[in-house]
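Student: Residue 192 is where the sequence shown ends in this note's numbering, and the numbering goes up by one at each step.
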Amino acid sequence: MAQGLALLQLKLGREYPRFLWRSMVEIKKRLQDFPYLRGAKLANFYIRAMGETELFKVKDLNELDVPVDKQIARFTIYTGVLKLRSGSFQGCANDDPLQSLI
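(1) What number of angstroms, rounded off, separates the C-alpha of Leu145 from the C-alpha of Met114?
(2) Can you tell me whether Ser176 is helix, strand or coil according to DSSP?
(3) For Val148 and Asp159, I'd like the C-alpha separation in whole angstroms.
(4) Based on DSSP bridge pairs, tell me the residues matched to Val148.
(5) Within this structure, are the beta carbons of Lys118 and Ala139 separated by less than 9 angstroms?
(6) If the criterion is Cβ atoms closer than 9 angstroms, does the pair Arg120 and Arg128 meet it?
(7) Less than 9 angstroms between the beta carbons of Asp155 and Ala130, yes or no?
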């Protein structure tokens, strides 16, 4: 099987997506060509899904940032994963005190 994959890689060249050993920056740059994957959340979800299922081979998958939106922040607080001392928070998840916890 390994020989078959090696032959396939030689036939299709290094650009065949299964054999990409690219950095996160390079993959995100290439995704800018696809209108529906340009946003940070969708691009990150796509890269994570492809990397974890090994459809992409990503060098630094552990460096993938997780953009936090309002719904994720609410759910994180609602489930008790993150507890606020004051009991409530008004503001942006990208600002302290939440940003320093993410």
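C-beta: ideal position from N, C-alpha, C; glycine also.
Tutor: Let's see:
(1) Within the sequence shown, residue 145 is the residue found at index 55, counting from 1. Within the sequence shown, residue 114 is the residue found at index 24, counting from 1. Near 15 angstroms, if we compare the C-alpha coordinates of Met114 and Leu145.
(2) If you number the sequence shown from 1, residue 176 lands on position 86. Residue state, collapsed to three classes: coil.
(3) In the sequence shown, counting from the first residue as 1, residue 148 sits at position 58. In the sequence shown, counting from the first residue as 1, residue 159 sits at position 69. In a straight line, the C-alpha of Val148 is about 25 angstroms away from that of Asp159.
(4) Within the sequence shown, numbered from 1, the residue matching residue 148 stands at position 58. Paired residues: Arg112.
(5) Residue numbering aside, residue 118 sits at position 28 when the sequence shown is read from its first letter. Residue numbering aside, residue 139 sits at position 49 when the sequence shown is read from its first letter. For Lys118 and Ala139, no; Cβs fall outside 9 angstroms.
(6) Translated into the one-based positions of the sequence shown, residue 120 becomes position 30. Translated into the one-based positions of the sequence shown, residue 128 becomes position 38. Not a contact, by the Cβ cut-off of 9 angstroms.
(7) Locating residue 155 in the sequence shown gives position 65, counting from the first residue. Locating residue 130 in the sequence shown gives position 40, counting from the first residue. A contact, by the Cβ cut-off of 9 angstroms.
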